[in-house]
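Undergrad: Residue numbering for the sequence shown follows my numbering, starting at 1 and increasing by one per position.
All residues carry an ideal CB built from backbone N, CA and C; glycine is no exception.
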Amino acid sequence: MYQRILIATDGSELAMKGVEQGLVLASQLKAQVAVVTVSEPIVTGFDDALGWGAANRFSTDYQKAQDEAAQRIFDGVTEHARARGLAITPVHIRDRYAAEGIIEAATEQKADLIVMASHGRRGLGRLLIGSQTHEVLTHSHVPVLVVR
Numbered sequence: 001m002y003q004r005i006l007i008a009t010d011g012s013e014l015a016m017k018g019v020e021q022g023l024v025l026a027s028q029l030k031a032q033v034a035v036v037t038v039s040e041p042i043v044t045g046f047d048d049a050l051g052w053g054a055a056n057r058f059s060t061d062y063q064k065a066q067d068e069a070a071q072r073i074f075d076g077v078t079e080h081a082r083a084r085g086l087a088i089t090p091v092h093i094r095d096r097y098a099a100e101g102i103i104e105a106a107t108e109q110k111a112d113l114i115v116m117a118s119h120g121r122r123g124l125g126r127l128l129i130g131s132q133t134h135e136v137l138t139h140s141h142v143p144v145l146v147v148r
């Protein structure tokens, strides 16, 4: 069945439900697990508004903050994985939109299943699935398990 599962998370409460389901499945299947979080790019044109030096400092601070946020997410997921007897491979994709980064990570990790929540931080609204989840479903070459 599935041997390499990629679990996508942004650290939100709903995404953690996806993490839990992915870990349960991985444990039952004795599958390898990679966990991806994606940091979106900085808004372009910022350097024009702030001047190159200020924009460069902001970019460095932004990257540092994103790296720290990703590490906090991985630390939390690692605890959940250990409780199930699993180890994870953390994957932080920088400067990509979520769907693009998730698909990139799935390719890099040779995942045969992606597990993700139906919505991320951008809000639940009345949609059945979020826009990034829809993009992954549309463009992924591997099966996607969507958790609600």
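(1) How is the alpha helix (DSSP H) around Gln150 delimited, first residue to last?
(2) For Ala34 versus Ala111, is the C-beta distance shorter than 8 Å?
(3) Does DSSP put Met116 in a helix, a strand or coil?
(4) Where does His92 sit, in a helix, a strand or coil, going by DSSP?
(5) For the alpha helix (DSSP H) that Val24 lies in, which residues bound it at each end?
(6) Express the C-alpha separation of Pro143 and Thr89 in angstroms, rounding to a whole number.
(7) Use the C-beta contact count for Leu23: other C-beta atoms within 10 angstroms, 16 or more gives buried, fewer gives exposed.
TA: Short version:
(1) For residue 150 there is no data in the structure shown, the boundaries of the chain being 1 and 148.
(2) yes
(3) strand
(4) strand
(5) Glu13 to Leu29
(6) 20 Å
(7) buried
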